[in-house]
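Asks: Count along the sequence shown starting at 1, add 176, and that's the number in my numbering. By construction, the Cβ of each residue, glycine as well, lies at the ideal position given by its N, Cα and C atoms. In this text the structure is predicted, and so the values were computed from the model without any measurement. Following this message is one structure expressed as structure tokens.
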Amino acid sequence: VHQIERLFINALLPDGRAASLGVSNGRIVEIFAQGADLPEATERVDLDGQLLLPGFVEGHIHLDTSFYGDAWKPHIPNTAGFDVRERVKFQMQNIATAAPMDVRARNQLDLCIAHGTTQMRSHVMIDNSVKLSHLETIMAVREDYRDRIDIQLVAFPQSGILTSPGTDALLDEAIAMGCDLIGGLDPAMLDRDIEKHLDVIFGIAEKRGVGVDIHLHDGGTLGVYEIEQIAARTQALGMGGRVAVSHAYCLGQVDSDLLQRTADKIASAGVAIMTVAPANGPFPPVAPLRAAGVTVFSGSDNIRDSWWPYGDGDMLRRANTIGHRSGFFEDWQLVEAFDVVTQAGAKALQLVSYGLGIGDKADFVALRAQHVPEAVIGVPSGRSVYKNGRLVAQDGQMVEGI
Ligand SMILES: [Zn+2]
Numbered sequence: 177v178h179q180i181e182r183l184f185i186n187a188l189l190p191d192g193r194a195a196s197l198g199v200s201n202g203r204i205v206e207i208f209a210q211g212a213d214l215p216e217a218t219e220r221v222d223l224d225g226q227l228l229l230p231g232f233v234e235g236h237i238h239l240d241t242s243f244y245g246d247a248w249k250p251h252i253p254n255t256a257g258f259d260v261r262e263r264v265k266f267q268m269q270n271i272a273t274a275a276p277m278d279v280r281a282r283n284q285l286d287l288c289i290a291h292g293t294t295q296m297r298s299h300v301m302i303d304n305s306v307k308l309s310h311l312e313t314i315m316a317v318r319e320d321y322r323d324r325i326d327i328q329l330v331a332f333p334q335s336g337i338l339t340s341p342g343t344d345a346l347l348d349e350a351i352a353m354g355c356d357l358i359g360g361l362d363p364a365m366l367d368r369d370i371e372k373h374l375d376v377i378f379g380i381a382e383k384r385g386v387g388v389d390i391h392l393h394d395g396g397t398l399g400v401y402e403i404e405q406i407a408a409r410t411q412a413l414g415m416g417g418r419v420a421v422s423h424a425y426c427l428g429q430v431d432s433d434l435l436q437r438t439a440d441k442i443a444s445a446g447v448a449i450m451t452v453a454p455a456n457g458p459f460p461p462v463a464p465l466r467a468a469g470v471t472v473f474s475g476s477d478n479i480r481d482s483w484w485p486y487g488d489g490d491m492l493r494r495a496n497t498i499g500h501r502s503g504f505f506e507d508w509q510l511v512e513a514f515d516v517v518t519q520a521g522a523k524a525l526q527l528v529s530y531g532l533g534i535g536d537k538a539d540f541v542a543l544r545a546q547h548v549p550e551a552v553i554g555v556p557s558g559r560s561v562y563k564n565g566r567l568v569a570q571d572g573q574m575v576e577g578i
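Below, the structure written as structure tokens:
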């Protein structure tokens, strides 16, 4: 009989069962029903009836460009409407006077982990001015945090690919260094050449065997056309499940017929859609996309950076925002909003062993709520966050020494 390392007793599972969980070597090894005989364990943790949730999935963030924990940086508005290049210019001015990048990245990681995020995908800026310097810094921070959070990195061409000469080679080098995915950004509006932009991205994806996650702000039928091209390439390369389009505001701007046709295409191609459910404009409609079989996931995106000052790194709050912005009132709808920041996020990030089943990684969050709908509405504080079965954060504070 093997000894269980940690026994978490008196947990309330999302399906309503009261249970105890045995954890060894960072994994859930046994689940005991209420009243069952419990084995010996090296350590016993009494959850006292708290709701136990899988660790939250932060599917889209920028660890290199946030100023969270740094001196306040007032937002600088665009001079003539939203303009990616002008915002990148403001970003470079802000970064020049900011605290060191690794300090800012750590601040942001602590914020996210303390709220319950155990899995993350961060984009990291690469262009011909900063080259691979951001990536080197963020990779070192990732290594330092490996026992507290799992982080995927996306090589993100912030200044374009065709219009920032040399970026294609840097993106390829980034993947060789250990970046997990290849990114992209507005093939039409930024690089003015959809085919050539996508040729570079999917070329590297095919050559290096990595997934794709493309920022797409391009609106209306232009954006939808680009998504169709991305879906066609995903299908042609057999990359279903490994491609995501982030923001995709266009899906919230076109009529319902075109939305439905596009949703069917991306569902069958296996392209996931990331939305933060922004409050200042249209966004991909979560319920119709999910109904069509599209994987919709979410993230904080920008937190106190040069793009906007909002964001708190709390993916449970994000589920609340998604529900609020989507008109979700019924319990089953609130459960869907929660799914976006947990299971759907895990699917989009292709995480293995994610969840609260036997054999899954013991990455979970304990908090006071009767069930998932109440957690989404109440966004309770006082959370305990466990990574690989170990307490990494409690009551909003990181546990020292992990
Ligand atoms: Zn982003």
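1. Whose C-beta lies closer than 8 Å to the C-beta of residue 396 among residues of the same chain, with five residues either side of it excluded?
2. Does the beta carbon of residue 303 fall short of 6 Å from some heavy atom of ligand 1?
3. In this structure, does DSSP put residue 238 in helix, strand or coil?
4. Give me the Cβ distance between residue 480 and residue 242, rounded to the nearest whole Å; I'm assuming they're in contact under 8 Å.
5. Nearest to residue 567 by CA position, among 192, 189, 199, 179, is which residue?
6. Does the Cβ of residue 363 have 16 or more other Cβ atoms within 10 Å, making it buried, or fewer, making it exposed?
7. CB of residue 477 to nearest heavy atom of ligand 1: below 6 Å?
8. Closest to residue 343 by CA distance: which of 295, 266, 376, 319 is it?
9. With three or more beta-carbon pairs closer than 8 Å as the criterion, would you say the stretch 492 to 502 touches the stretch 251 to 258?
10. Give the range of the alpha helix (DSSP H) segment to which residue 514 is assigned.
11. When the Cα of residue 482 is compared with those of 537, 250, 318, 205, which residue comes out closest?
12. What residue ranges within the stretch 201 to 279 form continuous beta strand (DSSP E) runs of no fewer than 3 residues, ordered along the chain?
13. Nearest to residue 322 by CA position, among 222, 544, 563, is which residue?
14. Measure the alpha-carbon distance for residue 382 versus residue 216 and round it to whole angstroms.
15. Based on DSSP bridge pairs, tell me the residues matched to residue 389.
16. I believe residue 540 touches residue 230 by the beta-carbon criterion, under 8 Å. Please report the beta-carbon distance rounded to the nearest angstrom.
17. Suppose contacts are defined by Cβ-Cβ distances below 7 Å. Is residue 450 in contact with residue 412 by that definition?
18. Just checking my contact of residue 335 with residue 264 at CB under 8 Å: how many whole Å lie between their CB atoms?
19. Closer than 8 Å is the cut-off here; do at least three beta carbon pairs connect the stretch 344 to 359 with the stretch 382 to 392?
20. Whose CA, out of 469, 305, 548, 359, lies closest to the CA of residue 499?
21. Determine, using beta carbons only, whether residue 213 and residue 185 come nearer to each other than 7 Å.
22. In this structure, does DSSP put residue 365 in helix, strand or coil?
23. Determine the extent of the alpha helix (DSSP H) in which residue 410 is found, giving its start and end residues.
24. According to DSSP, which residues form a beta bridge with residue 198?
25. Sorted by chain position, which residues of the same chain lie with C-beta nearer than 8 Å to residue 461's C-beta, five sequence neighbours on each side aside?
26. Should the stretch 284 to 295 be regarded as contacting the stretch 324 to 331, the criterion being three or more beta carbon pairs within less than 8 Å?
27. Measure from the alpha carbon of residue 520 to the alpha carbon of each residue in 471, 545, 300, then state which is nearest.
28. Rounded to whole angstroms, what is the Cα-Cα separation between residue 393 and residue 467?
29. Residues in its own chain within less than 8 Å of residue 192 by CB, not counting five upstream and five downstream?
30. Please report the residue range of the alpha helix (DSSP H) in which residue 332 lies.
31. Label residue 447 either buried or exposed according to how many other C-beta atoms from any shown protein chain fall within 10 Å of its C-beta, with 16 as the threshold for buried.
32. If we ignore side chains and look at the alpha-carbon of each, how far apart do residue 302 and residue 465 end up?
33. Count the other CB atoms, across all protein chains shown, that sit within 10 Å of the CB of residue 456; report buried if there are 16 or more and exposed otherwise.
34. Quick one, are the C-beta atoms of residue 189 and residue 543 less than 7 Å apart?
Replies: Straight from the coordinates:
1. Against the sequence shown, residue 396 aligns to sequence position 220. Result list for residue 396: 426, 429, 430, in chain order.
2. Taking the first residue of the sequence shown as position 1, residue 303 is located at position 127. Outside the cutoff, so no.
3. Translated into positions along the sequence shown, residue 238 becomes position 62. Residue 238: coil per DSSP, three-state reduction.
4. Position 304 of the sequence shown, counting from 1, holds the residue named residue 480. Position 66 of the sequence shown, counting from 1, holds the residue named residue 242. So it is a contact: roughly 6 Å between Cβ atoms.
5. The residue you call residue 567 lines up with position 391 of the sequence shown. Ranking the options by Cα distance to residue 567, first place goes to 199.
6. As a position in the sequence shown, residue 363 is number 187, starting the count at 1. Residue environment: residue 363 is assigned as buried (16 or more neighbouring CB atoms within 10 Å of its CB, all protein chains considered).
7. Locating residue 477 in the sequence shown gives position 301, counting from the first residue. Yes, the Cβ of residue 477 comes within 6 Å of a heavy atom of ligand 1.
8. As a first step, residue 343 is located in the sequence shown; it is residue number 167 there, counting from the start. Cα-wise, what sits closest to residue 343 is 376.
9. Between the stretch 492 to 502 and the stretch 251 to 258, the count of C-beta pairs closer than 8 Å stays below three; the two stretches do not touch.
10. One-based indexing of the sequence shown puts residue 514 at position 338. Run containing residue 514: 507 to 516, per the alpha helix (DSSP H) assignment.
11. Working through the sequence shown from its first residue, we reach residue 482 at position 306. Per the Cα distances, 250.
12. Inside the stretch 201 to 279, DSSP marks whole beta strand (DSSP E) runs of 3 or more residues at positions 203 to 209, 217 to 222, 227 to 230, 232 to 237, from first to last along the chain.
13. Position 146 of the sequence shown, counted from the first residue, corresponds to residue 322. The shortest CA-to-CA distance from residue 322 to any of 222, 544, 563 is the one to 563.
14. Residue 382 sits at position 206 when you count from the first residue of the sequence shown. Residue 216 sits at position 40 when you count from the first residue of the sequence shown. Rounded to the nearest angstrom, the two C-alpha atoms are 50 Å apart.
15. Start at 1 with the first residue of the sequence shown, and residue 389 comes out as number 213. Residue 389 pairs with 359, 420.
16. Counting from 1 along the sequence shown, the entry for residue 540 is found at position 364. Counting from 1 along the sequence shown, the entry for residue 230 is found at position 54. Contact check for residue 540 and residue 230: beta-carbon distance about 6 Å, within the 8 Å limit, so the pair qualifies.
17. In the sequence shown, residue 450 corresponds to position 274, counting from 1. In the sequence shown, residue 412 corresponds to position 236, counting from 1. No; because the gap between Cβ atoms is not below 7 Å, this pair is not in contact.
18. Your numbering for residue 335 matches position 159 in the sequence shown. Your numbering for residue 264 matches position 88 in the sequence shown. Correct: roughly 6 Å between the Cβ atoms.
19. The stretch 344 to 359, when compared against the stretch 382 to 392, does touch it at the 8 Å Cβ threshold.
20. For this step, residue 499 is matched to residue 323 along the sequence shown. Ranking 469, 305, 548, 359 by CA distance to the CA of residue 499 puts 548 first.
21. Your numbering for residue 213 matches position 37 in the sequence shown. Your numbering for residue 185 matches position 9 in the sequence shown. No.
22. Taking the sequence shown and counting its residues from 1, one reaches residue 365 at position 189. If DSSP states are grouped into helix, strand and coil, residue 365 belongs with coil.
23. Your numbering for residue 410 matches position 234 in the sequence shown. For residue 410, the uninterrupted alpha helix (DSSP H) segment begins and ends at 396 to 412.
24. Working through the sequence shown from its first residue, we reach residue 198 at position 22. Bridge partners of residue 198: 183, 206.
25. Position 285 of the sequence shown holds residue 461. Within the same chain, residue 461 has close Cβ partners 427, 428, 435, 502.
26. With a cut-off of 8 Å, the stretch 324 to 331 and the stretch 284 to 295 count as touching, because enough Cβ pairs lie within range.
27. In the sequence shown, counting from the first residue as 1, residue 520 sits at position 344. For the set 471, 545, 300, the Cα lying nearest the Cα of residue 520 is the one of 471.
28. Position 217 of the sequence shown holds residue 393. Position 291 of the sequence shown holds residue 467. For residue 393 and residue 467, the distance between alpha carbons rounds to 23 Å.
29. By 1-based counting over the sequence shown, the position of residue 192 is 16. Only 547 meet the Cβ criterion.
30. What you label residue 332 is simply residue 156 of the sequence shown in a count that begins at 1. Not the alpha helix (DSSP H): residue 332 falls in the beta strand (DSSP E), residues 326 to 332.
31. Here residue 447 corresponds to residue number 271 of the sequence shown, with the count starting at 1. Counting other Cβ atoms within 10 Å of its Cβ, residue 447 reaches 16 or more and is therefore classed as buried.
32. The sequence position of residue 302 within the sequence shown is 126, counting from 1. The sequence position of residue 465 within the sequence shown is 289, counting from 1. Their backbone Cα atoms lie some 31 Å apart in a straight line.
33. Residue 456 sits at position 280 when you count from the first residue of the sequence shown. By the neighbour-count rule (16 or more Cβ atoms within 10 Å), residue 456 is not buried but exposed.
34. Looking up residue 189 in the sequence shown gives position 13. Looking up residue 543 in the sequence shown gives position 367. Pairing residue 189 with residue 543 gives a Cβ-Cβ distance that is not under 7 Å.
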